[in-house]
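In this note's numbering, the protein residues as written are 27 to 647.
Printed below as a string of structure tokens:
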């Protein structure tokens, strides 16, 4: 069989275009021949660089004030494969105050009921370890608190990092909240996770300033794999794709793993990374009423690359949101004492409340202040009951306190609980809580009330950061019942069984819909790991029959040789992607094809039946 050679020059956009790019903090990733990495590191240091990350096949370094082109020129060495910008990655979460009192009983977050996780049992003997790449976890005293008892600590391991510190000390509550959403224990108190007691491996990537870099994530993916993780959960993201980060996640999924990442919280259609890589499952957030969260990003699953005549487009599930999980006002674990919690009674009856500000407690007669737009001497010595609206929460509480009030209850003016704060310049001192509109009649008619706000080990956050560990926990939960499946097969089945919301069929906001654990388990029981209808997915797992594809490089790495078997159509579609570009080709189904590219560029190749999303697993050259 004679292979055809198709040259992919700059004109067809297969060569990576290098520009005058200044990386975040002048920090760059250098891909190297691993055996000669020491030589290149020594050269970088000699040139004044500071090495930040050292991992298998690459290192990251800061070249103060240098552009990408300048660094490439300085590191003009035969052992250097590739140099690229090292982008920042930041936690993706919106913080909200707390409601309820999990110190008195075990509470089940709404997303567990919504996603049917309470209807599936975790099989610990077949449990799939989840690697949480975040800000650490609160086992010992950290930045915002200490030990949280709501974990099975015998099932949790971690990896220290010289730049970010001990994995078991929190660098903020984000990582502890995420970990609890996945695996908080079923122990009679606190909260319960999607997969209670599931094994975790913690990798702490965020520094004291609250961010990490794409190279940190690439190294973390290697650490996750080395420590036996089957799932990577990342509630983080940022702008800019790079091949080192992408290759790390490609490798993890190619070896049977599943990678999930947050879509982002800016409420726009911008694609965040690492969620935007095809090998990573992008997770959006919905609320308790099956509505899309207002902050959840919604990038298209069609990606355009190149300019002018060289513009190419590619459509793939992995470029956009694939599924959603509850991520609005998610209750989970905090470092000990790192959150606030509220409780409230009215007329001797308990009501749900959310902590706004000011630890303390007060009880007494009530006084209804309307919207509290002015001081009122009748509130002196009483609990102010206040309607939301017209003026700020701070002004309402300040008017209550200035009137002699001893506590404040602010009632929402729309369905649901009121979550809010009194602002960064709050100088009031009386305890203030939010209340639900549904309880307004009872609260305004009660003659007495009590409010209490205090420190807690549990709290609420909102964001796609909260939805992502929810999806990761559901994947671990169901996968433990079907341990022979691959991560890609679990991913495709999650999409196939998601409950459609929003516009009919797949849409940019919900993807395929809200994840349903029981439906997912039933589907795998009925169809096996390979499934049937894959929900339209095209991430390399929805294959038809025994489709295989692989490849190799030849002619000094410049020639890409692609091979495939098992396809039935007359032609196949071949998509080749790399950082900054995409090439699409339709060619005869003769089992092989060859292309010419840049020897220093990493390419991801996908082979599909022509005009369909039935594809072999993607591979990297």
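All C-beta atoms in this analysis are idealised placements derived from N, C-alpha and C, irrespective of residue type, glycine included. In this text, all values refer to a predicted model and were calculated from it rather than measured experimentally.
Exposed unless 16 or more other CB atoms sit within 10 angstroms - verdict on residue i
i           : result
residue 616 : exposed
residue 429 : buried
residue 385 : exposed
residue 400 : exposed
residue 30  : Per-residue confidence for residue 30 stands at a pLDDT of 40, beneath the threshold of 50, marking its modelled position as unreliable; the derived number appears in the next sentence. When all chains shown are included, residue 30 counts as exposed.
residue 119 : The predicted position of residue 119 is uncertain, since its pLDDT is 47 and thus under 50; no value can be drawn from it.
residue 509 : exposed
residue 387 : exposed
residue 341 : exposed
residue 506 : buried
residue 245 : buried
residue 79  : buried
residue 566 : The predicted model places residue 566 with a pLDDT of 41, which falls under 50 and marks its position as unreliable; any figure quoted below should be read in that light. Buried, because 16 or more other Cβ atoms sit within 10 Å of the Cβ of residue 566.
residue 614 : exposed
residue 114 : buried
residue 588 : buried
residue 351 : buried
residue 633 : buried
residue 252 : exposed
residue 282 : exposed
residue 139 : exposed
residue 541 : buried
residue 243 : buried
residue 91  : exposed
residue 559 : With a pLDDT of 45 at residue 559, under the threshold of 50, the predicted position of this residue should be treated as unreliable, and no value is reported.
residue 596 : exposed
residue 383 : buried
Contact belief for residue i with residue j at Cβ below 8 Å, rounded distance in angstroms
i           : j           : result
residue 286 : residue 498 : 5 Å
residue 93  : residue 543 : About 48 Å; that fails the 8 Å criterion.
residue 299 : residue 263 : 6 Å
residue 81  : residue 53  : Not a contact, Cβ separation roughly 14 Å.
residue 344 : residue 483 : Not confirmed; about 37 Å, so no contact.
residue 504 : residue 547 : 5 Å
residue 272 : residue 303 : 5 Å
residue 268 : residue 110 : 5 Å
Where the beta strand (DSSP E) containing residue i begins and where it ends
i           : result
residue 382 : 380–383
residue 230 : 226–230
residue 375 : 375–377
residue 80  : 76–81
residue 217 : No beta strand (DSSP E) holds residue 217; DSSP gives it neither H nor E.
residue 370 : 365–372
residue 146 : First-last for residue 146: undefined, no H or E at that position.
residue 85  : 84–88
residue 632 : 630–635
For residue i, the residue or residues it bridges with in DSSP
i           : result
residue 106 : 58
residue 388 : 477
residue 585 : 580, 622
residue 195 : 166
residue 185 : 229
residue 604 : 607
residue 437 : 413, 461
residue 160 : 230
residue 395 : Paired residue(s): none; residue 395 is not in a bridge.
residue 590 : 575
residue 614 : 597
residue 259 : 158, 286
residue 172 : 362
residue 111 : 54
residue 133 : 217
residue 264 : 299
Span of the alpha helix (DSSP H), counted from its first residue to its last, around residue i
i           : result
residue 404 : Careful: residue 404 lies outside any alpha helix (DSSP H) and carries neither H nor E.
residue 555 : Run containing residue 555: none; DSSP gives neither H nor E here.
residue 250 : 240–252
residue 426 : 419–428
residue 66  : 63–72
residue 204 : 200–209
residue 96  : 94–100
residue 642 : No alpha helix (DSSP H) holds residue 642; DSSP gives it neither H nor E.
residue 137 : 136–140
Cβ-heavy atom distance, residue i to the ligand ADP, below 7 Å
i           : result
residue 356 : Annotation note on the ligand ADP: not contained in the displayed structure, which lists no ligands.
Would you mind listing the beta strand (DSSP E) stretches within the stretch 462–542 that are 3+ residues and don't spill past its ends, in chain order?
474–482, 484–488
Counting only runs of 4+ residues fully inside the stretch 269–331, write out the alpha helix (DSSP H) ranges in chain order.
269–280
Which whole runs of the beta strand (DSSP E) in the stretch 335–362 are 3 residues long or more, in chain order?
338–341, 347–352, 356–359
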